[in-house]
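Residue numbers (the numbering used here): 1 to 216.
Reviewing the structure listed below.
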Ligand code: SF4
């Protein structure tokens, strides 16, 4: 991947990992809706982003650091970067989240993608990072190991492919996720799940769009 006009935001990767349909609704169809979770998350990030860099002992704390990988075509900001030593010997990214630790990987994927950007930009190796969860006031260490790197690279590739296809996938069955999703009202996952007509109509629409594209 080497197309800098086709950059994907790190936050969008988290959308993709959470649900490819959510990613497509936001980043292909440009639909967006706030709910309590997203509004609260934005507020938390505003507070974190407004802090100044500071030096405490051997560690420098930088906030809201812009990062980018030209190789992977991803860009974004990380909430906090802890830099140990002078000259720097260790880089440690920290991402703030409003909820609590999750079994699923979607927060870790965003964090790992930040680490991949930093590794490319600063020519360093990052073995460890952390997620800080507001709800439980807990900092959870995350190993940037081969397994997480693999899952993250697969998500980056999948997100690029989906964006390039321009097609929004149908909902998958994630009742708990759909309940917390800010797009649940717009997505209408239950309508799609239970009503085959909606799938049929979507198929016809895609065929029509496809044939029009070929005609042009
Ligand atoms: S409501 Fe469910 S299927 Fe629809 S975008 Fe959200 S998580 Fe995905």
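Backbone N, C-alpha and C define an ideal beta-carbon position, used for all residues, glycine too.
Please read all numbers here as calculations on a predicted model, not as lab measurements.
Under the three-state reduction of DSSP, residue 90 is assigned to strand.
Cβ atoms of residue 8 and residue 112 stay farther apart than 8 Å, at about 14 Å. Its Cα nearest to that of residue 129, the residue 144 stands out among 118, 116, 144 and 138. Any heavy atom of the ligand SF4 within less than 7 Å of a residue's beta carbon puts that residue on the list, which reads 18, 19, 21, 22, 25, 171, 172, 174, 177, 178, 181, 183, 184, 187 and 189. Within the same chain, and ignoring the five residues on either side of residue 114 in sequence, the residues whose Cβ sits closer than 8 Å to its Cβ are 10, 67, 76, 78, 93, 95 and 129. The DSSP-derived three-state label of residue 75 is strand. Under the three-state reduction of DSSP, residue 141 is assigned to strand.
For residue 55, the enclosing beta strand (DSSP E) has its first and last residue at 54 to 56. The segment 17 to 24 and the segment 168 to 176 touch, with no fewer than 3 CB-CB distances between them shorter than 8 Å. Rounded to whole angstroms, residue 162 and residue 103 show a C-alpha spacing of 25 Å.
A distance below 7 Å between beta-carbons, with the five flanking residues on each side excluded, links residue 159 to the following residues of its chain, in chain order: 8, 12, 13, 16 and 23. Counted as a single uninterrupted DSSP element, the stretch harbouring residue 31 is not any beta strand (DSSP E), since DSSP gives it neither H nor E. For residue 84, the closest alpha carbon among the candidates 167, 101 and 61 is that of 61. Your pair residue 97 and residue 107 checks out as a contact, with CB atoms roughly 6 Å apart and the cut at 8 Å.
Nearest in C-alpha terms to residue 58, of all of 31, 70 and 91, is 91.
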